[in-house]
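Down below is the structure, laid out as structure tokens.
Residue numbers (full-length UniProt numbering): 1 to 369.
Below you can see the structure in the form of structure tokens.
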């Protein structure tokens with residue numbers, strides 16, 4: 001048996017900030033519904049089926065999601081959590097709903113998505129800052145912990161070694177990282193928790209959690225591919241390769257520039273999964289991150305990245321490789337991190353769609369048991 005945990009995006013409800021930036025009533029669905037194919041056989045647009053274009057202000061949706069996930073072997077959701085400093089939160093309503101109502105009865109934990117929001121992520125030609133992630137210091141770390149304490153104490157909260165799991169999305173962005181980790185651990189002790197299990201993501205390959213105040217890491221191979229090396233895996237036939245070679249000599253590398261690229265970077269999913277898991281074992285807790293699909297052109301248009309021709313069978317192969325990687329771990333740490341449950345505008349989801357239905361979920365259940 002394996003512990004499958006899936007990232008969960010709480011963006012599917014209007015908030016004043018998004019209304020102001022993008023127009024009244026904006027949610028993730030706004031981008032999903034206007035997506036269009038950008039090259040031959042491009043799988044866009046994508047249509048949700050069973051759950052529809054849901055609104056997370058309706059709490060019944062979260063119950064339906066939890067039931068579906070549980071039926072196919074997902075232990076719990078990792079909710080993205082946004083704390084920008086000085087008490088500023090966004091998209092907190094779904095988490096508050098499950099804390100206040102005690103429903104659904106489904107495990108969860110939190111990922112602090114500590115990243116500045118920029119317009120370019122959503123296809124905006126203006127790459128300017130929408131809201132900045134700040135780190136005001138120790139008092140703010142204490143306030144942040146206090147805000148989350150009721151979640152950490154919830155009996156549904158996911159633990160490793162009996163300790164509540166707290167995933168920090170970008171630990172390298174925290175300027176006083178040791179102060180942060182020391183403060184959070186001290187707060188956990190004072191609150192009577194058995195500790196806290198700090199889990200890092202988006203970190204370099206040689207980033208050792210033990211030396212940085214963390215307990216474990218989530219594989220960051222996908223982030224490396226997405227932000228730095230995707231162009232090296234890009235699909236091309238021999239004629240295209242020759243053309244690009246000539247063009248690059250004459251014009252440089254304009255296709256790599258996000259501002260002028262005429263089509264998204266296209267990487268065959270079958271090829272991509274060969275690079276999404278590490279080749280070596282580590283002497284610290286490492287949990288692989290598996291990707292069922294990726295296509296963020298609904299958000300980013302030609303500036304996006306597409307894992308082309310993902311299929312349920314290839315997804316199962318990817319899962320098998322990840323499961324083999326952690327099968328020797330003790331049961332508590334036989335963990336697979338899935339990115340993601342419902343990031344529809346990034347073409348990165350397990351929820352049923354019009355093309356594949358529940359097939360990705362079915363393959364997951366075959367692997368995790």
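Just so it is clear, CB atoms sit at the ideal spot from N, CA and C, and this is done for glycine as well.
Taken atom to atom, the span from the alpha-carbon of residue 315 to that of residue 364 is near 8 Å.
A residue is called buried once 16 or more other Cβ atoms fall within 10 Å of its Cβ, and residue 284, having fewer, is exposed.
Note that the C-beta distance between residue 310 and residue 275 is not below 8 Å. For the set 163, 176 and 206, the Cα lying nearest the Cα of residue 189 is the one of 163. For secondary structure counted as the alpha helix (DSSP H) over 4 or more consecutive residues, the stretch 294 to 341 holds these complete runs in sequence order: 297 to 300 and 312 to 326. Taking C-alpha positions only, residue 4 is separated from residue 307 by approximately 22 Å. Closest in alpha carbon position to residue 38, among 342, 296, 367 and 183, is 296. With the rule of 3 Cβ pairs closer than 8 Å, the stretch 155 to 173 counts as touching the stretch 198 to 217. Given a length threshold of 4 residues, each whole run of the alpha helix (DSSP H) inside the stretch 4 to 31 is given here in chain order: 16 to 22. Relative to residue 217, the option among 337, 367 and 368 whose CA is nearest is 337. With contacts defined as CB atoms closer than 8 Å, residue 293 and residue 342 fail to qualify as a contacting pair. A distance of 8 Å or more separates the beta carbons of residue 82 and residue 95.
One Cα belongs to residue 178, the other to residue 196, and the distance between them is close to 15 Å. Straight-line spacing of the CA atoms in residue 187 and residue 32 works out to 40 Å.
Taken through DSSP and simplified to helix, strand or coil, residue 54 comes out as coil. Secondary structure at residue 344: helix, using DSSP grouped into helix, strand and coil. For residue 106, same chain residues with a beta-carbon under 6 Å away, outside a window of 5 residues either side, are 66 in chain order. Cβ neighbours of residue 11 within its own chain (closer than 7 Å, five residues either side excluded): 27, 28 and 91. Here the stretch 319 to 334 makes no contact with the stretch 55 to 64; the two share fewer than three CB pairs at distances below 8 Å. The three-state secondary structure of residue 94, taken from DSSP, is helix. For residue 112, DSSP records a beta bridge to 81 and 168. Distance from residue 78 to residue 109 at the Cβ level is roughly 6 Å; contact confirmed, criterion being Cβ atoms closer than 8 Å.
The beta-carbon distance between residue 291 and residue 222, rounded to whole angstroms, is 5 Å. This is short enough to meet the 8 Å contact definition.
For residue 265, the enclosing beta strand (DSSP E) covers residues 265 to 268. Listed in chain order, the non-local C-beta contacts of residue 161 below 7 Å within the same chain comprise 197 and 332, local neighbours out to five positions each way being set aside. In this structure, DSSP gives residue 48 an extended state, which the three-state scheme calls strand. Counting only the Cα atoms, residue 86 lies some 33 Å from residue 335. Taking a contact as a CB-CB distance under 8 Å, the pair residue 111 and residue 219 does not count as one, their CB atoms being some 14 Å apart. Contact check for residue 305 against residue 367 fails: the beta carbons are separated by 8 Å or more. Contact between residue 84 and residue 133 holds: CB atoms are separated by about 5 Å, below the 8 Å threshold. Looking at 42, 50 and 73, the one whose alpha-carbon comes closest to that of residue 1 is 73.
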